[in-house]
Every structure is written in C-alpha cells, then in structure tokens.
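Undergrad: For the sequence shown, my numbering gives the first residue as 3, with consecutive numbering after it.
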Amino acid sequence: MFSSSIKLVTSNANITLENSIIKYTTILEANEEKILTYTFEITNRYIGLTIHTLSIHGLLDSFRKKPIASTSDLRVLANVKIYSNLAEIIQPLGKLPIEFSSEDWNNIRSDSVTLVGNNVTITQQTLTEKKKSLNNAQVYVRAPSSSNTETKFVKATMIDEKHNLVKIIDKDISKEPIFFTAQPDHIVYENEPPQTKYYVNFTYDTSDAVYLSYLRSNLNWKTRYQLNLFENVKPATLIAMADIRNDGQSKVDIESAELLGGDINLQMYGVYQYMPTSYAKVSDSYSEAAGGMAGPPPPPSVGQGEEVSGLYVFAISEPISIDAKTNYLLPMFRPRVTVERYASISKYFYGAGNVNGKAERAYRLSSDRFLSSGNCIIRESDRLVGETSLPDIAAKNKHEFSVGKDADIVYKENATLVSSYTTNVTTSHYGVKQTRTQSTYDLALTLKNYKNRPVKIEYQQRFHGQSLKLIKSTTNFTQDGSTIKATFTLASDEEKTTSYKFEVVN
Numbered sequence: 003m004f005s006s007s008i009k010l011v012t013s014n015a016n017i018t019l020e021n022s023i024i025k026y027t028t029i030l031e032a033n034e035e036k037i038l039t040y041t042f043e044i045t046n047r048y049i050g051l052t053i054h055t056l057s058i059h060g061l062l063d064s065f066r067k068k069p070i071a072s073t074s075d076l077r078v079l080a081n082v083k084i085y086s087n088l089a090e091i092i093q094p095l096g097k098l099p100i101e102f103s104s105e106d107w108n109n110i111r112s113d114s115v116t117l118v119g120n121n122v123t124i125t126q127q128t129l130t131e132k133k134k135s136l137n138n139a140q141v142y143v144r145a146p147s148s149s150n151t152e153t154k155f156v157k158a159t160m161i162d163e164k165h166n167l168v169k170i171i172d173k174d175i176s177k178e179p180i181f182f183t184a185q186p187d188h189i190v191y192e193n194e195p196p197q198t199k200y201y202v203n204f205t206y207d208t209s210d211a212v213y214l215s216y217l218r219s220n221l222n223w224k225t226r227y228q229l230n231l232f233e234n235v236k237p238a239t240l241i242a243m244a245d246i247r248n249d250g251q252s253k254v255d256i257e258s259a260e261l262l263g264g265d266i267n268l269q270m271y272g273v274y275q276y277m278p279t280s281y282a283k284v285s286d287s288y289s290e291a292a293g294g295m296a297g298p299p300p301p302p303s304v305g306q307g308e309e310v311s312g313l314y315v316f317a318i319s320e321p322i323s324i325d326a327k328t329n330y331l332l333p334m335f336r337p338r339v340t341v342e343r344y345a346s347i348s349k350y351f352y353g354a355g356n357v358n359g360k361a362e363r364a365y366r367l368s369s370d371r372f373l374s375s376g377n378c379i380i381r382e383s384d385r386l387v388g389e390t391s392l393p394d395i396a397a398k399n400k401h402e403f404s405v406g407k408d409a410d411i412v413y414k415e416n417a418t419l420v421s422s423y424t425t426n427v428t429t430s431h432y433g434v435k436q437t438r439t440q441s442t443y444d445l446a447l448t449l450k451n452y453k454n455r456p457v458k459i460e461y462q463q464r465f466h467g468q469s470l471k472l473i474k475s476t477t478n479f480t481q482d483g484s485t486i487k488a489t490f491t492l493a494s495d496e497e498k499t500t501s502y503k504f505e506v507v508n
C-alpha cells in the first residue's frame, strides 16, 4: 500500500506501519480463520478495511466451494440437488430479468422459481411470456396464381401472424394489394422465426448474496443395485450405482451436486425414459498441476450418505457433465450386507378344501447403512436369478423379498371344517346387529423338498376376519396377530407332514 502520506489509526491486532507499508504476521492452524480490522488515514480520509484470512487448506476449500456459474448460462449449473423425480437448481443471481427458452421453461415448475439467501425479502415477482411479433415482417408465400405444374413465390407482408393473413401484390390477379390466409407450409421466412421466451423478474431487499432457485423435471436420479451371492462362505456383496438422468435437449455442466434419497413429497410431472448411458471413468488425458506435477484428474464419486431431517444426502465429489438424453452412472458406497436365503410359503386362507403350490425363492437382506430405493439385480454363482425393487431400507433393518417360484419345494394343504355356528352381535354405539360366524378348522400341511441339499422353509398363513385363535398344533406353529407361522428345515428329498387347529371369527 503506497502513499505519500499514510497513518495507521486503529487496529485490533499487532499491525504495524513501516515506510508506507502496513504489515501483519501471524501463524494459522489448519483450516483456521481469523478476522483482522484496522483503520488508516490517507490525505485526511479515513478508510475502514476488514481482511478475511484463511489457512491454505481453508482457502483452497473456499475456492472449491465457490460457485462460478450464474443465471446468465442455464447450461452451467452451480449447485444442484437431485431427487428421484426432479432437481432443484440454485444459481447465483445474474442480470435481471432472467430469460428462459421454451425448451427450458417446459421442464421448469413455474411456481418454484424464487430467490434464496440468508436475508432476502422479495417485494415483487413477475413471470412474463413474450414472443417477437412477425406482423409487418417480410415473408415469401406461394402465389395464388400458382398452378399444379408451376409454383411461384412472391414477396408478402405478414398482417396477422396468428391467422397467417398476408398482403401481396400479384399482377396476374390485381394491380392493387390483395389479402389472403396462407397455409403454414406455403410461407417461407427470410430469417428464423422468433421463439417464445419467458422472463422472470424480481424486486427484493437484501444485504447478502442472492441465489435463484427453481425445480426442473428433466434432471433426476435413481439407485441401481447388483446383489452378488455365493454358495460357499464368501460373503454377499451389494454394488450400488447412482443413475443420473439428463432428459433435456442440451448438455449440462454441474459444478456441485447432491443426490437426495428417502420419502420426499415433491411432485413434478414428466416422462422418464432410458436412453444412451454414460459411465463415469478416469480421463485418459493428463493436466499439469502447480509446481510442474502431473496426474490424472480425480474421477467423480458419490460420498457416504448423511441423514438430514429423515432424508439422506449423497454428495458428488467433483463437477460432472451430462450429455443430452443420457444416463450418467457413478459408483456409490459398498455397504456390508447380510443375506439369508430361504423358501417362502406365504398365502391367505379361504376356507375348507385342498390347496397345492410351490414355495417362493426368498431372501432376507440387511445392510450396515441406509439403502435408497432402486431396482436390484440378483446374481447367484455368477448367474442372473431375478430382480426386485428395493424400497428405502434403514441401516440394520431387514427387508424380505422373493424373485420367483422354486419347483423343487412343494406343499399341500387339506383344511377340514370341524364346527361352525352363527351369532348376532349388537354394537354398543348405534344398536346395529351384526352377524358373526365362528368356525373351527383342522389343517394338515405336507411339505416336500426335491433338492439334493437341505432347505429352510418359512410358512405363513394369513387370515381375514374379526379374530383368530390357534388352538393346537403338532409342531412349532405360532400365532402372530392374524397370521399363523412356522419354520422348518427339510433334508434332501425329505417329506414332512404336520397339522394345526385354529378358530376364526368372520
């Protein structure tokens, strides 16, 4: 700082003045921040100055986190929060009004366009649709005097763009101007016709940074899973990929992105289609770093999910670019999972009679961390065996699903009605009489394992009705509410017959 006359007036630290140079020396810890304030005098003027100093680590972090893009370029997105059906775009506010093309506006939820910031008060907001009129513009139209063998185009003036009313002078018809309505495909324009534009304007009060926020439907994500199972003691593995979809007509460059999973009540209507897929990978090109060091740029990755208000946020480590109509896949975490295989027989009871069926190939999955909903492909011994749709699953919670019938495990049920009688019951509040039927059944269950290895079978019989009571059984049947359950282990080629007695009131 150079001046012919300078005087240090006040400071809040050991700042010194030496030969017209203001100096300060300090030591900053890693990621430490310190604020210095001093006042100095130059030619009888007082200037208050605040210096914001950071350690080198904090300074680099601030540069990385600082958004660059503004609303002047809607293809470069500064901060994006991507949901399963839409994305929130947050941009530093640029020049007002903000212009959107029809292509962009058709994918924006108009009532979501707003300003955000620490202390922003919007005093007025307008959304305006504009299109430059072609009225009085010079065009060419097919002359009315044209024939099937000869087509002539003459210069015309557009009178009413909405109805394609034009004015021409066709000497073959009249020396005076004539007016007629031209077919749309009979009009030739000298320049590209203007397109509809949408303008958003604000008036607001703030003393802090201001950002534009809106929701768009053509940017969303889902999770893809692949569950690998093995016959030996090797543990199961679950591979998770973040599938980000840009369904727009243009490429987008995203500087900072988060993926949000969980039950989110945000609505946006749009068609989600799978198109060409782009897989993230390390670039083959190398860029030079400071000090002459060279190395590949780090590939983007998805961080560990963090719980926020019942949702889970997954941060993407690096800026990403997604071409138009493209699915962009990034690797996510590798959770530790446990998977229990079993054969499932789960059915409803409909009355006396015989029932035959096959067990379902079932799995019980739990993970050491939250799993966002998504489609899951299951492989056993390097072979595809099915797929399922996983819901949001909390860490350490168990999720049960099945992927198809197992022809080697069959069951037979024979239900016999033992007794039944009907009573009329009067409700306490309104004196309405209801008819209830109490029935007692004996049910014989036969299970057969045709495999050459033992299997675990979980049996569940569900009931409709007012009440259920398990009276007796010949094995380990239990009642859980309106369900009767049992678990069996059958050896290779074993057949087992068991029975239970129950009472149900309808």
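Heads up, the beta-carbon is just placed ideally off N, CA and C, and yes, glycines get one too.
Considering just the uninterrupted stretch of the beta strand (DSSP E) at Ser219, what are its terminal residues?
TA: What you label residue 219 is simply residue 217 of the sequence shown in a count that begins at 1. Element bounds for Ser219: n/a, residue is neither H nor E.
Undergrad: Val168 to Glu194, Cα distance in whole Å?
TA: The residue labelled residue 168 in the question sits at position 166 within the sequence shown. The residue labelled residue 194 in the question sits at position 192 within the sequence shown. Straight-line Cα distance between these residues: approximately 18 Å.
Undergrad: Given that a residue counts as buried once 16 or more other Cβ atoms are within 10 Å of its Cβ, and exposed if not, what is Ala493?
TA: The sequence position of residue 493 within the sequence shown is 491, counting from 1. With fewer than 16 other Cβ atoms within 10 Å, it is exposed.
Undergrad: For Thr340, write down the residues that DSSP places opposite it in a beta bridge.
TA: Within the sequence shown, residue 340 is the residue found at index 338, counting from 1. DSSP, once it has assigned bridges, lists Ser368 as partnering Thr340.
Undergrad: What is the C-beta distance between Gly406 and Arg363, in whole angstroms, given that I count them as a contact (C-beta under 8 Å)?
TA: In the sequence shown, the residue the question calls residue 406 occupies position 404. In the sequence shown, the residue the question calls residue 363 occupies position 361. Going by Cβ atoms, the distance from Gly406 to Arg363 rounds to 6 Å, so yes, they are a contact pair.
Undergrad: Using alpha carbons as the reference points, say which of Gly250, Thr425 and Asn451 lies closest to Gln440.
TA: Along the sequence shown, read from residue 1 onward, the residue named residue 440 stands at position 438. The shortest Cα separation from Gln440 among Gly250, Thr425 and Asn451 belongs to Thr425.
Undergrad: On a CA-only basis, which of Lys173, Gln481, Lys157 and Asn234 is nearest Ser147? Give me that one, please.
TA: The residue given as residue 147 occupies position 145 in the sequence shown. Considering only alpha carbons, the answer is Lys173.
Undergrad: Would you say Phe504 and Ser484 are within 8 Å of each other, going by their C-beta atoms?
TA: Along the sequence shown, read from residue 1 onward, the residue named residue 504 stands at position 502. Along the sequence shown, read from residue 1 onward, the residue named residue 484 stands at position 482. Contact flag unset, no.
Undergrad: Under DSSP, the beta strand (DSSP E) around Asp245 begins and ends at which residues?
TA: Your numbering for residue 245 matches position 243 in the sequence shown. Start and end: Thr239 to Asn248.
Undergrad: In three-state terms, what does DSSP make of Glu20?
TA: Numbered from its first residue, the sequence shown carries residue 20 at position 18. In this structure, Glu20 counts as strand in the three-state DSSP scheme.
Undergrad: Only counting the same chain, and skipping five residues up and downstream in sequence, which positions put a Cβ closer than 6 Å to that of Thr279?
TA: In the sequence shown, counting from the first residue as 1, residue 279 sits at position 277. Unreliable placement is indicated for Thr279, whose pLDDT of 45 sits below 50; the coordinate value is still reported in the next sentence. The residues are Asn329.
Undergrad: Let's see if you can read the secondary structure: which residues bound the beta strand (DSSP E) around Asp207?
TA: Residue mapping note: residue 207 aligns to position 205 of the sequence shown, counting from 1. Its beta strand (DSSP E) spans residues Lys199 to Asp207.
Undergrad: Per DSSP, Leu392 is paired with what?
TA: Your numbering for residue 392 matches position 390 in the sequence shown. In DSSP, Leu392 forms a bridge with Gly376.
Undergrad: Can you give the Cα-Cα distance for Asn87 and Arg247, rounded to whole angstroms?
TA: Residue 87 sits at position 85 when you count from the first residue of the sequence shown. Residue 247 sits at position 245 when you count from the first residue of the sequence shown. Straight-line Cα distance between these residues: approximately 10 Å.
Undergrad: For the alpha helix (DSSP H) holding Ser104, just list the boundary residues, first then last.
TA: Counted from its first residue, the sequence shown places residue 104 at position 102. Element bounds for Ser104: Ser104 to Trp107.
Undergrad: Just verifying my parser: in three-state terms, what is the DSSP assignment at Glu163?
TA: Looking up residue 163 in the sequence shown gives position 161. In this structure, Glu163 counts as helix in the three-state DSSP scheme.
Undergrad: Could you check what DSSP says for His188 in three-state terms: helix, strand or coil?
TA: Indexing the sequence shown from 1 puts residue 188 at position 186. Correct three-state label for His188: helix.
Undergrad: Per DSSP, which residues does Gln228 bridge with? Please list them.
TA: The count along the sequence shown starts at 1 and reaches residue 228 at position 226. Paired residues: Ile241 and Ile379.
Undergrad: Taking DSSP as the reference, what is the three-state secondary structure of Ser422?
TA: Translated into the one-based positions of the sequence shown, residue 422 becomes position 420. Three-state DSSP puts Ser422 in a strand.
Undergrad: Rounding to the nearest angstrom, what Cα-Cα distance links Gly353 and Leu447 in this structure?
TA: Position 351 of the sequence shown, counted from the start, is the residue given in the question as residue 353. Position 445 of the sequence shown, counted from the start, is the residue given in the question as residue 447. Roughly 14 Å separates the two Cα atoms.
Undergrad: Can you round the beta-carbon distance between Phe182 and Ile124 to whole angstroms, since I take them to be within the 8 Å contact cut?
TA: Here residue 182 refers to the residue found at position 180 of the sequence shown. Here residue 124 refers to the residue found at position 122 of the sequence shown. That pair is no contact at about 49 Å.
Undergrad: Cutting at 6 Å between CB atoms, please list the residues of its own chain near Asn358, excluding the five before and the five after it.
TA: Within the sequence shown, residue 358 is the residue found at index 356, counting from 1. Taken in chain order, the residues that qualify are Lys414.
Undergrad: In terms of DSSP beta bridges, what is Asp444 paired with?
TA: Walking along the sequence shown from the start, residue 444 turns up at place 442. Paired residue(s): Thr418 and Lys503.
Undergrad: Can you check DSSP and say which residues form a bridge with Gly359?
TA: Counting from one through the sequence shown, the residue named residue 359 turns up at place 357. DSSP, once it has assigned bridges, lists Tyr413 as partnering Gly359.
Undergrad: Put Val304 into one of helix, strand or coil per three-state DSSP.
TA: Residue numbering aside, residue 304 sits at position 302 when the sequence shown is read from its first letter. In the structure shown, Val304 sits in a strand (DSSP, three-state: E or B).
Undergrad: Report the option in Ala326, Asp113, Ile318 and Gly263 whose CA atom is closest to the CA atom of Ser311.
TA: Walking along the sequence shown from the start, residue 311 turns up at place 309. Ranking the options by Cα distance to Ser311, first place goes to Gly263.
Undergrad: Any idea if Leu217 is buried or exposed, counting beta-carbon neighbours within 10 angstroms, 16 or more meaning buried?
TA: One-based indexing of the sequence shown puts residue 217 at position 215. Buried: at least 16 other Cβ atoms inside 10 Å.
Undergrad: Less than 8 Å between the C-beta atoms of Ser112 and Leu95, yes or no?
TA: As a position in the sequence shown, residue 112 is number 110, starting the count at 1. As a position in the sequence shown, residue 95 is number 93, starting the count at 1. Against a cut-off of 8 Å, the Cβ pair of Leu95 and Ser112 comes out as no contact.
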